[in-house]
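Enquirer: Number 351 in our numbering belongs to position 334 of the sequence shown; there are no gaps in the numbering.
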Amino acid sequence: MKHTLAILCFLLLALSASAERVKVRLFSNNSIDLINISFDLGTYDIQGSDTIVEAAVGNDKSVELTPAGRKVHLAINGYDYGNHTSVNFLATDTACILCLNPRNLKQRTYEGNLQVTVGKNGKLLLINDVEFETYIAGVVQSEIYGDQADIFRVQAIISRTWALKNINKHASEGYNFCDQVHCQAYLNRCVRPDIMLGTMMSSGMTIVDSLGHLIETPFHANSGGQTANSEDVWRSAVPYLRSVPDTFSYHMRQSEWVKVVNEDKWLNYFSSKHKLDTHNDSIRNELLTFSQSTRKVRICGIPLTRVRTDFQLRSTFFSVLYDSAAHRVTLSGHGFGHGVGLSQEGTIRMVGLGYSYDSIIRHYYTGAAVHYDEAHPHTYVENYIQKIAQIIEEDKSAATRSVSKKDDWLGRLFRIRDREEREEVYDPKTDDLDEDWLYDW
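(1) Would you kindly work out how many angstroms separate the C-alpha atoms of R206 and E233, rounded to a whole number?
(2) With a threshold of 6 Å on Cβ separation, who are the neighbours of H199 within its own chain once the five nearest residues in sequence on each side are excluded?
(3) Does the segment 88-97 come into contact with the segment 105-125, if we say contact requires no fewer than three beta-carbon pairs (one atom in each stretch) closer than 8 Å?
(4) When the Cα of D281 is compared with those of R345, E303, R270 and F328, which residue comes out closest?
(5) Which same chain residues end up closer than 7 Å to V171 when comparing Cβ atoms and leaving out the 5 residues on each side of it in sequence?
(6) Please go through the same chain and pick out, in chain order, the residues whose beta-carbon is closer than 8 Å to the beta-carbon of N138, but skip the five residues on each side of it.
(7) Would DSSP call E37 helix, strand or coil?
(8) Which of helix, strand or coil does DSSP assign to F265?
(9) Within this structure, are the beta carbons of Q124 and C113 separated by less than 8 Å?
(10) Could you say which of V278, W274, F236 and M269 lies nearest to L258 if we only look at CA atoms?
(11) From N246, T102, N145 and G136, pick the residue whose C-alpha is nearest to that of T126; which is it?
(12) Is the distance from the Cβ of D196 to the Cβ of F169 below 8 Å?
(13) Across the segment 175-186 and the segment 216-223, are there enough close Cβ pairs to call them in contact, namely three or more that are closer than 8 Å?
(14) Locate the alpha helix (DSSP H) running through F149, then write down its first and last residues.
(15) According to DSSP, simplified to helix, strand and coil, what is R42?
(16) For a test of the three-state rule: what should DSSP assign to L228, helix, strand or coil?
(17) Tell me the residue span of the alpha helix (DSSP H) that contains L304.
(18) To the nearest angstrom, how far is it from the Cα of D298 to the Cα of V250?
(19) Here's the rule: buried if 16 or more other CB atoms are within 10 angstroms of the residue's CB, otherwise exposed. What is V277?
(20) Assuming T134 and L181 form a contact by the criterion Cβ under 8 Å, report the distance between their Cβ atoms to the nearest whole angstrom.
(21) From G155 to N185, what does the alpha carbon distance come to, in whole angstroms?
(22) What did DSSP end up calling P84 once you bin it into helix, strand or coil?
(23) Just to confirm my understanding: we take L51, look at its own chain, exclude 5 residues before and 5 after, and list those with CB closer than 6 Å. What are they?
(24) I think V80 touches I69, with their Cβ atoms under 8 Å apart; what is that distance to the nearest whole Å?
(25) Hey, how far is the Cα of Q158 from the Cα of W274?
(26) By alpha-carbon positions, which one of K78, S227, N46 and G65 ends up nearest to T383?
(27) Let me know if R87 comes out buried or exposed under the rule of 16 or more other beta-carbons within 10 Å of its beta-carbon.
(28) Output yes or no for whether 8 Å exceeds the beta carbon distance between H355 and V225.
(29) In whole angstroms, what is the alpha-carbon distance linking S262 and E248?
(30) Taking Cβ to Cβ, would you say T347 is nearer than 8 Å to L338?
(31) Only counting runs of 3 or more residues, tell me where the beta strand (DSSP E) segments fall wholly within the segment 123-152, in order along the chain.
(32) Sorted by chain position, which residues of the same chain lie with C-beta nearer than 7 Å to S332's C-beta, five sequence neighbours on each side aside?
(33) From I402 to E391, what does the alpha carbon distance come to, in whole angstroms?
(34) Which value, in whole angstroms, describes the spacing of the CA atoms of A173 and T295?
(35) Could you tell me which whole alpha helix (DSSP H) segments of length 4 or greater appear in the segment 304-339?
(36) Compare the beta carbon distance of Y381 and T244 with 8 Å and say whether it is the shorter of the two.
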């Protein structure tokens, strides 16, 4: 069994990179004063400060954590375990899943280890210590929708590239990334085997510029039909972040939007905040008839990025339709997001049309290329991909069956591996045996 564990650890590492594990702050936009933690799969050792207080805790236990001054108060199944500088949940094997239930917030599940301390604000600070590729799969699930493996492969490549280039973004705070769009959304562990399949299909792949350096890989929901130059949104012109036509983003979920604004509010915004003379016929006419068939950067000299922020618009790619009778303007917009780099809905359309994952990346990142690291353990990854594909096929052939926690793809992967090591043939139609779930790691 130790051999199986070693192989799986290899498979879940960031095989193309120097990063093997990362620390991610969870619920980083929330103030947490109470959290209940339970265990969906595998067992955990619970460490209070530097001492193990409970070993091999499984799904028969429930943990409650609350701040107590600068320390964390720990209770397990209602029993008081005192206050600790930190409380750590240490996974006893690779297939371990934590269920996090903060008060008044939606439940999430994560793999790997968890450290809980009290932050400067007196609230609980949660950091997930997790395998890099497991983190990437969670990001892919949080960042994009779809049902085809190459959609997830593209998102995994750009998310991996971003993470490696920005690996120390929060180093001064004791972790690598937060779980919000300030870094990349990481709102749950990967619960879908097809997303993990797409992620693993991208193993060893990053995006580099003409000099072989990792690029920045900004992405957005929908370009509206044309991406934006980096300097039109941020300060610097970047050679691989050029505006390109993007008809693939048409007719998708977030390709069009409309916002109606009172005429006085629209004009007063420019006169009061930007000191424009809106009584001047030329200025007034431009503000009320502004049109973009292709992307522009300014309206009456005012950056559209400012207008988008102040009016909370979905994009800067909009035109103004004036209704003089109703004294209102309608902002008719295209796309969703800053518009720089890859359009996610454009990617979904391109995959559906049969474009390859690398041609999609080249379309959105001008002059960039996908770099494949030949040094990563290819055989292990291929074996892992085959097993995930097997699980997906099983799901398709048994779509109406009832699902339990034991049907989670990660648990099923370990069950297949366990039976194979015992030289048994795995038959998904056969009832599970109790010993299938008694691992001796």
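Every residue gets a Cβ at the ideal spot worked out from N, C-alpha and C, and that includes glycine.
Expert: With the given structure in hand:
(1) Going from the Cα of R206 to the Cα of E233 covers about 24 Å.
(2) Contacts found: none.
(3) Cβ pair count under 8 Å is below three, so no.
(4) Comparing Cα positions, the closest option is R345.
(5) These residues qualify, in order along the chain: T364, Y374, I377 and I378.
(6) These residues qualify, in order along the chain: S48.
(7) Reduced to three states, the DSSP call for E37 is coil.
(8) In the structure shown, F265 sits in a helix (DSSP, three-state: H, G or I).
(9) No, the pair does not count as a contact, with Cβ atoms beyond the cut-off.
(10) The candidate whose alpha carbon is nearest that of L258 is F236.
(11) Distances from the CA of T126 to each of N246, T102, N145 and G136 were compared; the closest alpha carbon is that of N145.
(12) In this structure, D196 lies away from F169, with their beta-carbon atoms at least 8 Å apart.
(13) Yes, they touch.
(14) Membership of F149 in the alpha helix (DSSP H) is indicated by the continuous run F149 to E160.
(15) Under the three-state reduction of DSSP, R42 is assigned to strand.
(16) Here L228 sits in coil by DSSP.
(17) Taken as a continuous stretch (DSSP letters only), the alpha helix (DSSP H) holding L304 covers D298 to T306.
(18) Distance between the alpha carbons of D298 and V250: 29 Å.
(19) Taking a 10 Å sphere around the C-beta of V277, we find fewer than 16 other C-beta atoms and assign the residue as exposed.
(20) Going by Cβ atoms, the distance from T134 to L181 rounds to 27 Å, so no, they are not a contact pair.
(21) Rounded to the nearest angstrom, the two C-alpha atoms are 19 Å apart.
(22) In this structure, P84 counts as strand in the three-state DSSP scheme.
(23) The answer, listed in chain order, is T83 and R120.
(24) Rounded to the nearest angstrom, the Cβ distance from V80 to I69 is 14 Å, too far for a contact under 8 Å.
(25) Going by the C-alpha atoms only, they are around 25 Å apart.
(26) Ranked by how close their Cα comes to the Cα of T383, the residues K78, S227, N46 and G65 have S227 in first place.
(27) Counting every other CB atom within 10 Å of its CB across the protein chains shown gives R87 a total below 16, marking it as exposed.
(28) No.
(29) Residue 262 is actually Pro in this sequence, not Ser. Using only the alpha carbons, I get a separation of about 17 Å.
(30) The answer is yes: Cβ separation under 8 Å.
(31) Fully contained in the segment 123-152 are the following beta strand (DSSP E) runs of length 3 or more, in chain order: 125-128, 130-135 and 141-148.
(32) Contacts found: G241, R325, G350, H351, G352, F353, G354 and G356.
(33) In a straight line, the C-alpha of I402 is about 17 Å away from that of E391.
(34) Taken atom to atom, the span from the alpha-carbon of A173 to that of T295 is near 48 Å.
(35) You should have 321-328.
(36) Cβ atoms of Y381 and T244: closer than 8 Å.
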